[in-house]
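In the numbering used here, the protein residues as written are 27 to 302.
Glycine included, every Cβ here is placed at the ideal spot set by N, Cα and C.
Only a predicted model underlies this, so the values are computations on that prediction, with no experimental measurement involved.
Structure first, commentary second.
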Amino acid sequence: MRSARPSLVLLTLGMLGVVLLSALGIWQIERRTWKLALIERVEERMHAAPTATPPPSSWPAVTAASDEYRRVTLRGTFLNADETLVQAVTADGPGFWVLTPLRMTDGTTVLVNRGFVPPDRRDPATRRDGEPQGVVGVTGLLRISEPKGGFLRNNAPAAGRWYSRDVAAIAATHGLSQVAPFFVDADATPNPGGTPVGGLTIVRFPNNHLIYALTWFALAFMLAGALLRVISGRGRAGASDPRWSSRRAAVRRLIGAARNLSRDTGPDARAHIGSA
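Structural data, given as C-alpha cells:
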C-alpha cells in the first residue's frame, strides 16, 4: 500500500502538469493574436496622415495603447537653452538624443526629441546652425514618457545624466510648466547643419509567442506520453517492476523540466517596444 500512494500522487501531478502545459500553450496562442493586432494597429498609425497633438483636455486619456506611435504635427518655438541630452545607442553608434521643449502657440509645452548627436557634437556650441529660431513646424511620432531611467541605470537630474526620456523629471529640472505628459520623436526632415539627426525611431515587437506555444504543447505531449507508458506498464508488470521505477523517474524529470521552463520564459509582458 505504501508504494501505491506515491504512484497515485505522481500520476495526479503528471495529469495536472499536462493540463497546465496545455493551458500555457493556449495562452501563448492568445498572446500571439493580440500581438499581431497590436503590430497592425501601430503600422496603421505610423503611416497615417499626421494629426494635431492631443490638446491639454485630452492629456489624461493619452496612453500607449491608444496613442503611441501616432503621427502628429505641432508648431511653436524651441526653447533651445533648456535642451536635455539623453544617452542613446543607435545604428549610428552611441551618443545622445537632443530633447528640446517646444513652446506651443497656446502656451503649453511639448518635449521634442529632435534626433541623435554623436559624443563630439554634444556641446550645443558645435551645432548652432541646428538650433532654429522663431516659430517652426515639427512632424513626428507621439511617444510615451519613460520614467525611472534606462540601461539599468537611474536618471541623475542634478548631475545632468539622463538614461531615459522621463518627461515629468525633465520638465521639473528645467522649471517648465504646462508640459504634455508625452514627447514627440521628430521625423527625418534634415536639420540645418546636419544635426541632430531625426527619424531614427525603431519600433520593435518581440513576437516569440508561437515558439513558446509549440514548446508548451510539445512538453504537454511528451508528459502525456510518459504518463500513458507509466500507466500501461504498471498494469502489465505492477508497481514492483523495475521498469515502473524508471518510468516514474522519467515523469518526474518531465515535470521538473516544465517547471524550469516556466521560470525561464515567464509571462510575456506588454509588447516590448524598443526605442531608438
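Please report how far the alpha carbon of residue i lies from the alpha carbon of residue j, in whole angstroms.
i	j	result
residue 36	residue 83	60 angstroms
residue 136	residue 130	7 angstroms
residue 162	residue 106	13 angstroms
residue 205	residue 184	20 angstroms
residue 147	residue 126	15 angstroms
residue 171	residue 216	25 angstroms
residue 193	residue 85	13 angstroms
residue 89	residue 72	16 angstroms
residue 257	residue 33	10 angstroms
residue 255	residue 43	16 angstroms
residue 211	residue 41	51 angstroms
residue 190	residue 80	22 angstroms
residue 123	residue 133	24 angstroms
residue 249	residue 38	12 angstroms
residue 265	residue 229	In this prediction, residue 265 has a pLDDT of 46, which is less than 50 and means its spatial position is unreliable; nothing more can be read from the coordinates.
residue 151	residue 87	39 angstroms
residue 149	residue 234	41 angstroms
residue 173	residue 251	48 angstroms
residue 53	residue 247	16 angstroms
residue 195	residue 175	10 angstroms
residue 232	residue 102	36 angstroms
residue 139	residue 178	21 angstroms
residue 298	residue 113	Note on residue 298: pLDDT 36, under 50, position unreliable in the model; the coordinate value appears next. Answer to the nearest angstrom: the Cα atoms are 19 angstroms apart.
residue 207	residue 243	43 angstroms
Going by Cα to Cα distance, which pick from the options is closest to residue i?
i	options	result
residue 51	59, 187, 241 and 149	241
residue 115	42, 239, 249 and 145	145
residue 91	63, 150 and 81	63
Do the CB positions of residue i and residue j come within less than 8 angstroms of each other?
i	j	result
residue 128	residue 100	yes
residue 96	residue 168	yes
residue 93	residue 165	no
residue 55	residue 239	yes
residue 221	residue 143	yes
residue 108	residue 202	yes
residue 158	residue 104	yes
residue 188	residue 181	yes
residue 226	residue 141	yes
residue 98	residue 78	yes
residue 219	residue 153	yes
Is it buried or exposed, residue i, if we count other Cβ atoms within 10 angstroms and call 16 or more buried?
i	result
residue 69	exposed
residue 47	buried
residue 45	exposed
residue 121	buried
residue 160	exposed
residue 61	buried
residue 253	buried
residue 3	Nothing in the structure corresponds to residue 3, since the chain is present only between 27 and 302.
residue 49	exposed
Could you tell me how far apart the beta carbons of residue i and residue j are, in whole angstroms, since I believe they sit closer than 8 angstroms?
i	j	result
residue 58	residue 236	6 angstroms
Does residue i have its Cβ less than 8 angstroms from a Cβ in chain D?
i	result
residue 148	Considering every chain present, this structure includes no chain D. It has just one protein chain.
Verify the contact flag: residue i, CB atom, against every heavy atom of the ligand NAD, threshold strictly below 7 angstroms.
i	result
residue 223	Absence of the ligand NAD from the depicted structure is noted, as is the absence of any ligand whatsoever, leaving it without description.
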